[in-house]
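Chemist: Pasting a structure here, questions to come.
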Amino acid sequence: MMSSKYKLAAFDMDGTLLQRRSIFVVAEEIGLIDQVMKIINDDIYNYEKTIEIAKLLRGVSKNKFMNIVKTIPLNDGVREVIDELKRKGVKTAIISAGYNLASEIVKNKLGIDFVLSNRLKVDKNDVLTGEVEMYNKNIVRIKGHCRSYSICKSDALRDLCNRLNINIEETVAIGDGPVDIYMLKEAGLGFAYKAPLEVQKAADIKIDNILDVLDYI
């Protein structure tokens with residue numbers, strides 16, 4: 003087995019591992035897409051959007067949510083990348099501003115080691131309560147600040163490094179959205195995958211094929 007100088011690879015989920023944003027697919031299936039899009043486009047803090055969307059999900063069964071997520075295809079090459087990283091002894095993680103019921107599905111589908119995301123609360127009957135436990139416990143009400151999101155991905159990456167006793171320079175991060183910028187800057191090597199220009203500027207490398215990650219690890 004060829005080893006890598008990198009010990010941890012952190013992936014965004016929606017748009018990076020998955021072809022579509024999981025909450026959009028769920029919302030379409032349960033008839034809430036208009037309400038979700040209104041929240042997404044509202045001029046409120048990003049963490050507030052996570053809270054408001056969770057409220058819309060009240061009464062949805064956990065199984066229904068997860069079964070919808072299972073239908074979302076992976077991006078081309080994702081499984082090969084994860085499998086090769088495993089062969090090289092690199093730990094893998096999902097760091098997502100989405101919800102745990104989606105990220106756990108993807109974790110299990112790919113055999114990813116760790117998930118850091120927001121936890122939807124369920125009642126004794128496995129029905130969503132409309133409440134969410136955000137990963138970020140240190141909210142900063144400044145737009146554009148990492149901690150204005152429900153998960154500050156640079157904090158999350160450092161948390162995982164501390165847990166695993168890994169130096170931040172021994173990490174790679176792969177993402178496609180503004181919430182990923184902080185993680186891409188923080189990691190030893192940051193990849194912007196099919197990303198807009200502002201995200202590309204934060205990354206060390208821009209790629210359109212996720213298999214290209216393997217050329218550097």
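Going from the sequence shown to this note's numbering is simple: count from 1 and add 2. Note that CB positions come from ideal geometry on N, CA and C, so glycine has one too. None of the values given here were measured: they were computed from a predicted structure.
Check D16 in the structure and name its three-state DSSP category.
Modeler: As a position in the sequence shown, residue 16 is number 14, starting the count at 1. The answer is strand: DSSP assigns D16 an E or B state.
Chemist: In this structure, does DSSP put V92 in helix, strand or coil?
Modeler: Residue numbering aside, residue 92 sits at position 90 when the sequence shown is read from its first letter. In the structure shown, V92 sits in coil (DSSP, three-state: anything other than H, G, I, E or B).
Chemist: Taking the Cβ atom as the reference point for each residue, do V124 and L118 lie within a distance shorter than 8 Å?
Modeler: Along the sequence shown, read from residue 1 onward, the residue named residue 124 stands at position 122. Along the sequence shown, read from residue 1 onward, the residue named residue 118 stands at position 116. Contact flag unset, no.
Chemist: Only counting the same chain, and skipping five residues up and downstream in sequence, which positions put a Cβ closer than 6 Å to that of Q21?
Modeler: By one-based count along the sequence shown, residue 21 stands at place 19. Cβ neighbours of Q21 beyond the five flanking positions: P75 and N77.
Chemist: Quick one, which of I209, K155 and D206 has its alpha-carbon nearest A99's?
Modeler: On the sequence shown, position 97 is the one that residue 99 refers to. Measuring from the Cα of A99, the nearest candidate turns out to be K155.
Chemist: Do the segment 137-155 and the segment 106-114 touch if we need at least three Cβ pairs shorter than 8 Å?
Modeler: Too few Cβ pairs lie closer than 8 Å, so no.
Chemist: Return helix, strand or coil for S150, following the three-state DSSP convention.
Modeler: By 1-based counting over the sequence shown, the position of residue 150 is 148. Looking at S150 - three-state DSSP - the assignment turns out to be helix.
Chemist: Helix, strand or coil for L122? Go by DSSP, reduced to three states.
Modeler: In the sequence shown, counting from the first residue as 1, residue 122 sits at position 120. In this structure, L122 counts as strand in the three-state DSSP scheme.
Chemist: Is it true that the CB of A95 sits closer than 8 Å to the CB of F193?
Modeler: Residue mapping note: residue 193 aligns to position 191 of the sequence shown, counting from 1. Residue mapping note: residue 95 aligns to position 93 of the sequence shown, counting from 1. Result no, Cβ atoms of F193 and A95 do not sit closer than 8 Å.
Chemist: If you run the structure through DSSP and keep just helix, strand and coil, what is A11?
Modeler: On the sequence shown, position 9 is the one that residue 11 refers to. If DSSP states are grouped into helix, strand and coil, A11 belongs with the strands.
Chemist: Excluding the 5 residues flanking Y137 on each side, which residues of the same chain have their C-beta closer than 7 Å to its C-beta?
Modeler: Locating residue 137 in the sequence shown gives position 135, where the first residue counts as 1. So the qualifying residues of the chain are L118, S119, N120, S152, I153 and A158.
Chemist: So, using beta-carbon positions, are I212 and V174 closer together than 8 Å?
Modeler: As a first step, residue 212 is located in the sequence shown; it is residue number 210 there, counting from the start. As a first step, residue 174 is located in the sequence shown; it is residue number 172 there, counting from the start. No, they are not a contact pair.
Chemist: My assumption, with CB atoms under 8 Å, is that I35 sits in contact with E54. Please give the rounded CB distance.
Modeler: Within the sequence shown, the letter at position 33 stands for residue 35. Within the sequence shown, the letter at position 52 stands for residue 54. Contact flag wrong, Cβ pair sits at about 14 Å.
Chemist: With DSSP as the reference, please indicate the residues paired to A175 in a beta bridge.
Modeler: The residue labelled residue 175 in the question sits at position 173 within the sequence shown. DSSP lists A12 and G192 as partners of A175.
Chemist: Helix, strand or coil: which one does DSSP assign to K52?
Modeler: Here residue 52 is taken as the residue at index 50 of the sequence shown, counted from 1. In the sequence as presented, Lys is not what sits at residue 52; that position holds Thr. Note: T52 maps to helix in three-state DSSP.
Chemist: Could you have a look at K72 and say whether DSSP puts it in helix, strand or coil?
Modeler: Here residue 72 refers to the residue found at position 70 of the sequence shown. Correct three-state label for K72: coil.
Chemist: Quick check on V62: does DSSP put it in helix, strand or coil?
Modeler: Here the question's residue 62 lines up with position 60 in the sequence shown. V62: coil per DSSP, three-state reduction.
Chemist: Since I believe E106 is in contact with I70 (beta carbons under 8 Å), could you give me their beta-carbon distance rounded to a whole number of angstroms?
Modeler: What you label residue 70 is simply residue 68 of the sequence shown in a count that begins at 1. What you label residue 106 is simply residue 104 of the sequence shown in a count that begins at 1. The Cβ separation is near 14 Å, so there is no contact.
Chemist: Would you kindly work out how many angstroms separate the C-alpha atoms of M68 and I97, rounded to a whole number?
Modeler: Taking the first residue of the sequence shown as 1, we reach residue 68 at position 66. Taking the first residue of the sequence shown as 1, we reach residue 97 at position 95. Each residue's alpha carbon lies about 18 Å from the other.
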